[in-house]
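Asker: The opening position of the sequence shown corresponds to residue 658 in the numbering used here, with each subsequent residue numbered one higher.
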Amino acid sequence: MDANLGGSAEAISASELAEIGLRYEVDGAIATITLDRPDKRNAQTFATWSALARIGEHIPDQVRIVVVKGEGPSFSAGIDLRMFTPEGVPGQGSFVSAASLGETTFERRIADAQRGFLWLRRPDIVSIAAVHGHAIGAGFQLALACDLRVVAEDVKFCMKEPALGLVPDLTGTKPLVELVGLPRAIELCLTARVVGAEEAVRLGLAELAVPAGELAQAVQDLAGALLATDRGAATATKRLLQGALGRSLEEQAIAERREQIVRIRTLFASG
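If you want it as structure tokens, here you go:
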């Protein structure tokens, strides 16, 4: 792995993104990140994750919605298989080279990759995964990193890592358990079976399933509905909801009170 693939104080350029296989566009309050390696079914590499982290570090203040989607026939077929070979991905190394790293360095490398997923949960934005075709392994975890998932009827979710001798380490295990429950999460991960659109909606892995040709419009409609809500209220509400599972009822009531005081003062206090 190249040490230069970590975070940067500078925004990543469109040409750098194109070389990695990503597109990033901002249109008013909506930012769109497109996985753009259709010939590789948008397989992900260390550089993909580093670039996602750098995008997150430089999201403009006006952005409220982040849409993540894939170009071509798949959302993302997971990890680039070259990472399993001794040669690896040029300039990025491989799992073989990573295995020889010291414990601290190795953990930092994984933490750097996770940063590309963690920022999608920020309270001040709502992230939407527009998922079609394969969403395998790292692709499934990228979809799980988003707040909401709208899927095409051809979607194929699969947590492939355990079948490859690995664990899901791109922040996907916690949302998976929260969405489907522990027993189902164990079953999905340890069998590495495919989940289609209908089951995904039934299990809570997706909010909506639509024909493939309607996916873009469905995401656009959802983004519009989300943007109709006051930003301050939306941010505070998302923050409350995110913390709810880790709090008792009494603790959540306190958090609600504190958030509401801020909202009412913001809206109605004079001077």
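By construction, the Cβ of each residue, glycine as well, lies at the ideal position given by its N, Cα and C atoms.
#1: For the pair the segment 741-749 and the segment 678-695, tell me if three or more CB-CB distances fall below 8 Å.
#2: Short check: CB of Phe752 to CB of Phe741, under 7 Å?
#3: How about Ala786 and Ala800: are their beta carbons less than 7 Å apart?
#4: Can you tell which of Pro780, Leu692 and Ala708 has its C-alpha closest to the C-alpha of Leu897?
#5: Rounded C-beta distance between Ile690 and Ile712? I'm assuming under 8 Å.
#6: Can you find the residues in the same chain that come closer than 7 Å, C-beta to C-beta, to Arg920, ignoring five residues on each side of it along the sequence?
#7: Quick check on Leu758: does DSSP put it in helix, strand or coil?
#8: Ignore the nearest five residues each way along the sequence and tell me which others in Ala734's own chain have a CB closer than 7 Å to its CB.
#9: Would you call the CB atoms of Leu777 and Cys803 closer than 7 Å?
#10: Have a look at Ala854, Ala873, Glu667 and Gly870 and flag the residue whose alpha-carbon is nearest the alpha-carbon of Glu864.
#11: Quick one: grab the DSSP three-state call for Gly829.
#12: Could you name each continuous beta strand (DSSP E) segment of 3 residues or more that falls completely within the segment 890-926, going from the start of the chain to the end?
#13: As a quick exercise: from Pro730, Lys817, Arg694 and Gly759, pick the residue whose alpha carbon is nearest that of Leu872.
Answerer: Let's see:
#1: no
#2: yes
#3: yes
#4: Pro780
#5: 6 Å
#6: Gly889, Ala890 and Ala893
#7: coil
#8: Arg698, Asn699, Ala700, His791, Ile793 and Gly796
#9: yes
#10: Ala854
#11: coil
#12: none
#13: Pro730
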